[in-house]
Amino acid sequence: MPLDAQIESILFWKGEPMKVKKLAETLNVEVGVIEQGLESLAAKLAGRGVGLVRLEDEVSLGTSSESSELIAKLTKEELVKDLGKAGLETLTIILYKGPVKRSDIDYIRGVNSQFILRNLLIRGLIERVTNPSDERTFLYKPTFDLMSYLGVASLKDLPEYDSSIKALEEHLVTQTTNETTE
Amino acid sequence: MPLDAQIESILFWKGEPMKVKKLAETLNVEVGVIEQGLESLAAKLAGRGVGLVRLEDEVSLGTSSESSELIAKLTKEELVKDLGKAGLETLTIILYKGPVKRSDIDYIRGVNSQFILRNLLIRGLIERVTNPSDERTFLYKPTFDLMSYLGVASLKDLPEYDSSIKALEEHLVTQTTNETTE
Amino acid sequence: MEPFKIKTEQFEGPLDLLLNLIEKRKLHINDIALAKVTDDFITHLQQHQEYPMEQSAHFILIASTLLLIKSKSLLPTLELTEEESQSIEDLEKRLKEYQRIKELSVHIQKLFGVAPIYWKNPTKREPIFAPDASMTMDNLYETMKSVLLHLPQKKEKLPEAVVRQVISLEDMIEKLTDRVTSGLRMTFKEFSSEHKAEKVNVIVSFLAMLELVKNGLLKVDQQGTFDDIHMETEGQVGTPRYM
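Encoded structure:
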């Protein structure tokens, strides 16, 4: 059984996002080999009813976005589509800039984002992880459920993703130098 | 999107067997057409990690038989894995507050608990029952096995049961009232 | 310039309001645009006093930077400290970044919930009772205590510095009003030198002064480019209408 098929089996069985590293351990190969397997799997799934969704170091299988109307008819779960202005702004910052500190979100929006972040966390649209460069703070990043709502298989598929990442990073550099005066 | 891909999407999402007739209704075609689509899907899935399983008038997707060893290994791992902080936290809330809605657990923890609940269910630590006051939602409660493992005859035997419940309830009330203003 | 009519719209914060004002006038983000919308911004603040304490603190901080910009445009001789120039520069940068986020958020709005990807429903499995060594009564109780301890606070405490500045704004208006009603002829330099302890007071004095100017309570004249600004009352001075 080829590696891409093995990966497909595991992801199907799991039905949840899985770390690439975990796949490598399970299949007893290097991470690089898994990455190749994932590429090959993605190619084989092209045009099919199921596709590979990637977010940072995790992957998951999901229905292809062409079939969402079909599934929407079958599912009883109603998607809560209302984000509100604050939610929309905050999600945009996290999507195009994440993982991002709360202070950065507050700085860009000019208001305290505590409540809206909590709201988005509870809705499962974002997640909070410990900041690797400062253990006392957190970083906010998108979840697979957010990808699901947006119907994108990768952040790179978001409109203007590449150009905006660059623009925002330039801002961030100037901001970090200013931060010491705050 | 070709019919076989549409069928694949639906069966993938469903996660359990589905009647061929139901597929025909959903896709608004004759049963015979679905049968052709299934044949074509089976052909496309040959040699892959996921295959079509047929049982009388029902079909489902399942991991291919070559991967059964791999899956058995993962299943075992899942059961012995550490619950972790998030798992223990969720379990504690269900023990004290159960039967409890998922949204209440999410509010109390301030994060989404979807995957953790799934793991606790698989491990037989909690069970899911239909919410008597809202049939579309579920309530989570500790299993009998868990109670006897802990040696508690009743939830009231848990340390500081009354005061903890009171604090949780108060929080849930303020949460709900805040919610409407956001 | 005519004060811009602002619809009763819910703004997410001072930057949201400011951006809205600039975009309504079809201006690019720069100091000229900011000076132009300063009055609109202050007007909005006066008409919407219902913002909660913390919110209005953020608004007032931005307002003081705006008034600084406006003052500079009215009085080119006004020397800005490095910190003041920095705060002006910062405001422009933040606005530009916020504007970019707003543009991008249009994409997100269009995508959200339209063609979702669905995950696989969990396949039914017979549960196998598999407890974990961490599941002891002690641990469960400790975990409950920690859960209760970490229940989110209803309101986050307002940073003290912010509160102090808000309060000083009101003080300053009161003091300035007292001074001018006594018909005293004074210069802005004298007035602000009484409070040189804190830079923010200078801004706030300006704010108060400009506010009074706008309400027609004061006449400001500047004799020469490098002269001080003279302030004097024009007839009867009432309490500034800050309600």
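Quick mapping for you: the protein sequence lines, in order, are chains A, B and C.
Under the numbering used here, the letters of the first sequence match residues 269 to 450, in that order.
Under the numbering used here, the letters of the second sequence match residues 269 to 450, in that order.
Under the numbering used here, the letters of the third sequence match residues 4 to 246, in that order.
Glycine included, C-beta positions come from ideal geometry on N, C-alpha and C.
From the options, residue whose alpha carbon lies closest to that of residue i
i        : options                                   : result
B/Asp413 : C/Asn142, C/Lys148, C/Ala133 and C/Asp141 : C/Ala133
B/Ser416 : C/Thr146, C/Arg128, C/Thr139 and C/Ser90  : C/Thr139
C/Glu85  : C/Glu26, C/Leu71, C/Ile111 and C/Val150   : C/Leu71
C/Ser76  : C/Ala38, C/Asp43, C/Ile111 and C/Ser88    : C/Ala38
C/Tyr121 : A/Lys290, A/Ser328 and A/Ala311           : A/Ser328
C/Lys123 : A/Gly300, A/Lys287 and A/Gly317           : A/Gly317
A/Lys344 : B/Pro270, B/Glu337, B/Thr405 and B/Tyr375 : B/Thr405
C/Asp135 : B/Thr398, B/Glu334 and B/Leu418           : B/Leu418
C/Lys96  : C/Asn33, C/Ile131 and C/Ile25             : C/Asn33
A/Leu356 : C/Lys148, C/Glu92 and C/Ile104            : C/Ile104
C/Leu20  : C/Lys73, C/Glu92 and C/Asp43              : C/Asp43
A/Thr360 : A/Lys289, A/Ile339, A/Leu423 and A/Lys287 : A/Leu423
A/Arg396 : A/Tyr375, A/Lys287 and A/Lys369           : A/Lys369
A/Gly330 : B/Gly392, B/Ile390, B/Lys282 and B/Leu407 : B/Lys282
B/Leu351 : B/Val301, B/Phe383 and B/Val299           : B/Phe383
B/Ala354 : C/Leu98, C/Asn142, C/Phe115 and C/Ile131  : C/Asn142
A/Leu407 : A/Leu393, A/Ile339 and A/Pro367           : A/Pro367
A/Leu295 : B/Glu303, B/Met269, B/Glu337 and B/Asp374 : B/Glu337
A/Asp430 : A/Lys290, A/Glu334 and A/Lys365           : A/Lys365
A/Lys349 : C/His47, C/Pro119, C/Glu87 and C/Ser149   : C/Pro119
C/Pro130 : B/Arg386, B/Glu293 and B/Lys341           : B/Arg386
B/Leu289 : B/Asp325, B/Glu307 and B/Leu342           : The identity of residue 289 of chain B in the sequence shown is Lys, whereas the question assumes Leu. Of the listed residues, the one whose Cα sits closest to B/Lys289 is B/Asp325.
B/Glu437 : B/Glu298, B/Glu346, B/Lys312 and B/Asp372 : B/Asp372
B/Glu293 : A/Leu347, A/Leu342 and A/Pro400           : A/Leu342
C/Ile91  : C/Glu106, C/Ser108, C/Leu107 and C/Lys73  : C/Lys73
A/Asp425 : C/Phe14, C/Ser88 and C/Leu114             : C/Leu114
C-beta contact flag for residue i and residue j at 8 Å
i        : j        : result
C/Leu94  : C/Ile65  : yes
C/Tyr101 : C/Leu18  : yes
A/Glu276 : A/Leu309 : yes
B/Leu271 : B/Gly305 : yes
C/Ala36  : C/Ile25  : yes
A/Leu363 : A/Pro427 : no
B/Asp374 : A/Ile390 : yes
A/Gly300 : B/Ala273 : no
A/Val379 : C/His51  : no
B/Glu334 : A/Met286 : no
C/Leu83  : C/Thr41  : no
C/Leu151 : B/Ala435 : yes
B/Ile376 : B/His439 : yes
C/Leu22  : C/Leu98  : yes
B/Leu320 : B/Ile302 : no
B/Ser381 : B/Thr398 : no
C/Lys127 : B/Glu346 : no
C/Met147 : B/Ser332 : no
Bridge-paired residues (DSSP) for residue i
i        : result
A/Met286 : A/Val327
B/Pro410 : B/Ile394
Below-8 Å beta-carbon distance, residue i vs any chain D residue
i        : result
A/Glu337 : In summary, chain D is missing from the structure at hand, where the protein chains are A, B and C.
I'd like the ranges of any alpha helix (DSSP H) spanning at least 4 consecutive residues and lying wholly in the region 367-408 of chain A. 370-377 and 382-390
In chain order, each beta strand (DSSP E) run of at least 3 residues that lies wholly inside the region 315-358 of chain A: The region 315-358 of chain A contains these whole beta strand (DSSP E) runs: 318-323 and 326-331.
Against chain A: residues of the region 371-388 of chain B by CB proximity under 7 Å: Asp374, Tyr375, Gly378, Val379, Asn380, Gln382 and Phe383
Name the residues in the region 389-423 of chain A whose C-beta lies less than 8 Å from a C-beta of chain B; which are they? Leu389, Ile390, Arg391, Gly392, Glu395, Arg396, Thr411 and Asp413
Could you list the residues in the region 341-355 of chain B with a C-beta less than 9 Å from some C-beta on chain C, going in chain order? Along the region 341-355 of chain B, the positions whose C-beta sits under 9 Å from a C-beta of chain C are Thr343, Glu346, Leu347, Val348, Lys349, Asp350, Leu351, Gly352, Lys353 and Gly355, read in chain order.
Near-chain A residues of the region 283-305 of chain B - C-beta to any C-beta below 8 Å: Gly283, Thr294 and Leu295
Closer than 7 Å, Cβ to Cβ, to anything on chain C: give me those residues from the region 356-368 of chain A, in chain order. Leu356, Glu357, Leu359, Thr360, Ile361, Leu363 and Tyr364
Give the residues from the region 309-325 of chain A that approach chain B closer than 9 Å (Cβ to any Cβ), ordered along the chain. Leu309, Lys312, Gly315, Arg316, Gly317 and Val318
Interface residues of the region 425-439 of chain B facing chain A [CB-CB below 7 Å]: none
Cβ-based contacts, 8 Å cut-off: residues of the region 113-138 of chain C near chain B: Answer set for the region 113-138 of chain C: Tyr121, Trp122, Lys123, Asn124, Pro125, Thr126, Lys127, Arg128, Pro130, Ile131, Phe132, Ala133, Pro134, Asp135, Ser137 and Met138.
Check each residue of the region 142-157 of chain C: if its Cβ is closer than 7 Å to any Cβ of chain B, include it; give the result in chain order. Asn142, Leu143, Tyr144, Thr146, Met147, Val150, Leu151, Leu154, Pro155 and Lys157
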